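Have a look at the structure below, then the notes.
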Amino acid sequence: MPSKLDRHAEQLAALGHPVRLNVLRFVVQSGPEGAPAGEIQEHVKLAASTLSHHLKRLVDAGVLKSREEGTFHYYSADYEALRTLTSYLWEDCCKRGTTCC
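To get our numbering, take the position in the sequence shown, counting from 1, and add 58.
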């Protein structure tokens, strides 16, 4: 089982690509129901196979969830995972310094 540090590093690496960050922001803005792959593709203007690669990376990193409804694939943000990641970044903020963040 990967450590918390390893998991967060994997998530940040997945977000380190402009297309994936753009996709994540679009999906987050879509709300809890998420967005169908076709809408995401329209937004980022990528070939379906290229987009599929990026979506898989975000799902594998645990920041997006996917679900099928009939022939449609929907992607939604894993808000809990994103909150955990951002909380980790702020955890112990300024504890080594003399001033408060």
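Heads up, the beta-carbon is just placed ideally off N, CA and C, and yes, glycines get one too.
As the structure is a computational prediction, the values presented were derived from the model and not from experiment.
- Counting the other Cβ atoms within 10 Å of the Cβ of Y133 gives 16 or more, which makes it buried.
- One alpha carbon belongs to S124, the other to H111, and they sit about 13 Å apart.
- Where H101 is concerned, there is no enclosing beta strand (DSSP E), although the alpha helix (DSSP H) around it starts and stops at A95 to V102.
- When secondary structure is reduced to three states using DSSP, K153 falls in the coil class, being assigned neither helix nor strand.
- Minimum Cα-Cα distance from L79 among the listed residues R65, H101, L63 and G96 corresponds to H101.
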